[in-house]
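Sequences listed follow chains A and B, in order. Terminal number for the first sequence in numbering that gives the first Met the number 0: 267, no gaps in between. Terminal number for the second sequence in numbering that gives the first Met the number 0: 280, no gaps in between. Following: one structure in structure tokens, then a few remarks.
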Amino acid sequence: MSLIDSLPRVGAPKLPKVDGLIPWIVPLAIVLVWQLACVTGFVPSRVLPAPTDVALAGWKLLLSGELVRNIWVSFWRASIGFVIGGGIGFAFGLANGLSQLSAKLTDTTLQMVRNIPHLALIPLVILWFGIDESAKLFLVALGVFFPIYLNTLHGIRTVDPQLIEMGRIYGMTDGELFRRVIFPGALPSIFVGLRFALGIMWLTLIVAETIAASSGLGYMAMQAREFMLIDVVVLSILIYALLGKLADSASRALERLTLSWHPAFQKK
Amino acid sequence: MHEALRFQPVDAEPVDRADVVAKSRHLRRVTEGAARGLSLTIRGLRKAFGDNEVLRGIDLHIPAGQFVAIVGRSGCGKSTLLRLIAGLDAPTAGGIAFGEQPRAQDVRVMFQEPRLLPWARVLSNVEVGLGRERSSADAQARAERALVEVGLGDKRGEWPSVLSGGQKQRVALARALVSQPRVLAFDEPLGALDALTRISMQQLLERVWRDQGFTAILVTHDVAEAVALADRVLVIEDGRIAEDVTIDLPRPRRRGSAELAALEGEILKHLLEGSEDTSGL
């Protein structure tokens, strides 16, 4: 509330409506250039179909119901796998962050397992689960587990010890200390883990569905490849991008909601 | 008594209802004030960290309601003494006895860092100070009163991150005061503040101490601050009380007066004696 703030702004006119559109300028420009390149024949349609062709393919699949069904199947796998893996990772993160004994018991093991790329387990997973749903869920859960686990653990371990001492001095019970000091303090780090995990979730699902599945977006793309339907392949890739963006936006919104105390999230 | 000082708000605030409330509350308190502080007696107090003996036998009696300042070089053990008094650490030998058995909320500490919860609004941060009484029905009203007392009634809904350093320390003070402690220990609470903010904070500390009548123990490296605020200044050297100076000057004390300067000079001289190295101050 300084004097400067109360003066009318001269240099920077506010364009609130345009402001939200700025991030979309670049993707839009790319699509335009792409369209132009295809229409002029600079890029042959066998290599890359025009955006309008992709949209058309999407429309057809939408009408047949195939698109919605596949998106739903992928979305369902992603969410269930995420909830299972994330839930277990969060629980281990909490336990190992709060209890020395628990950390001693399990942390070394988890760190060893972490160093195995989870996608390297695909052959084994197929042998174990076949190409059943559980195979995909297992892989997604495994992939999501580590970023959530590591960041929850890190968040809890790096809570300001002075604040914890303060809480104890003011007579907080262990439960209150967790609820009022430790958990909120660890939350920014947990969100970092969440966003990493969302990225890994899509990656794992794409790979798993491409290799071993009978439905889902990855399966749709592989089927299209067999029949040389390159527009459907591009469509599936674009949908993955959109879903990824959607998940990211959701986690950001949650972050803004719960971290409004954080200077980085405060409106100027 | 020094009404003029006591009612002087820390910031220039318009006289409003909150002020009137503060005054009436104050009048009520004066009557009970004298009985609120706790005396404490320390006998043969020792504290060692491994082989390093930080406190080597402290004997000390602090009467109820006294304002004691503890000064000394860095590492002389003054903060350790404060932590022992506040019950944050256990002594190696000896003991501390209070005039009465204090309840948990009777002894409060204020640190150099405000230690506010960044994710809690100012008012909830003050409510933390109520300890076990946090869930009582009048918790919020009490927290609001404590905030008004430190002149931050209008900041109740803010996040700590938007406050200045001095304001954060005032919130920390409100949190320490809200349970109406009988002993309040200050561990260099003004050490990180700029000179002007320090002076207004010193006046605030003096005012709430006179209002509430708690026993105040202030650890500071600033001798001028010690002589301006305290009834008594203890100089700690090598884990022992090297000097016990009574500051018998009327309040409010005028900063920069000749008597204060003389006392400050005397104590500083003592602190510097026996060593050319002044970096420890």
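Just so it is clear, CB atoms sit at the ideal spot from N, CA and C, and this is done for glycine as well.
Interface partners of L136 (chain A) on chain B, CB under 8 Å
The premise fails here: L136 (chain A) is roughly 34 Å from chain B at the closest Cβ pair, so nothing lies under 8 Å.
If we count the other Cβ atoms within 10 Å of its Cβ and call it buried at 16 or more, is W58 (chain A) buried or exposed?
exposed
The alpha helix (DSSP H) enclosing K268 (chain B), as first and last residue numbers
257-271
Chain A within 9 Å of Q104 (chain B), Cβ atoms only:
yes
Are the stretch 44-54 of chain B and the stretch 194-206 of chain B touching, with three or more C-beta to C-beta distances below 8 Å?
no
Give a yes or no on whether the C-beta atoms belonging to F81 (chain A) and M200 (chain A) are separated by under 9 Å.
yes
Taking all protein chains shown into account, decide if T214 (chain B) is buried (16 or more other Cβ within 10 angstroms of its Cβ) or exposed.
buried
Kindly say whether H153 (chain A), judged by its beta-carbon, lies nearer than 9 Å to any beta-carbon of chain B.
no
Going straight from the alpha carbon of R209 (chain B) to that of I61 (chain B), what length do you get?
17 Å
Can you pull the chain B residues whose beta carbon is under 9 Å from the beta carbon of P160 (chain A), in chain order?
Taking a Cβ-Cβ cut-off of 9 Å, P160 (chain A) has no neighbours in chain B, whose nearest Cβ is about 10 Å from it.
So, are the CB atoms of F66 (chain B) and E263 (chain B) less than 9 Å apart?
no
Residues bridged to F66 (chain B) (per DSSP):
B:A215
According to a CB-to-CB cut-off of less than 7 Å, which residues of the stretch 144-160 of chain B neighbour chain A?
W158, S160
Where V38 (chain A) falls, given that 16 or more other Cβ within 10 Å makes a residue buried:
exposed
Using CA coordinates, which residue listed in A:V180, A:T157, A:L152 is at the minimum distance from G96 (chain A)?
A:L152
Assuming D50 (chain B) is part of the alpha helix (DSSP H), what are its boundary residues?
It is not in any alpha helix (DSSP H) - D50 (chain B) carries neither H nor E in the DSSP assignment.
Expected contact under 8 Å - CB spacing of I147 (chain A) and A196 (chain A) to nearest Å:
5 Å
Under 9 Å, Cβ to Cβ, is there at least one residue of chain A near L204 (chain B)?
No, its Cβ sits nowhere closer than 9 Å to a Cβ of chain A.
Members of the stretch 87-103 of chain B near chain A, C-beta cut-off 9 Å:
Under the 9 Å Cβ criterion, the stretch 87-103 of chain B contributes L87, A103.
Check whether the Cβ of L55 (chain A) lies closer than 9 Å to any Cβ atom in chain B.
no
Rounded straight-line distance, which links the Cα of V124 (chain A) to that of R178 (chain A):
38 Å
List the whole-angstrom C-beta distance separating D230 (chain A) from A56 (chain A), where the pair is believed to meet the contact cut-off of C-beta under 8 Å.
Right, the Cβ-Cβ distance comes to about 4 Å (below 8 Å), so this counts as a contact.
When the Cα of G86 (chain A) is compared with those of A:V232, A:G192, A:Y218, which residue comes out closest?
A:G192
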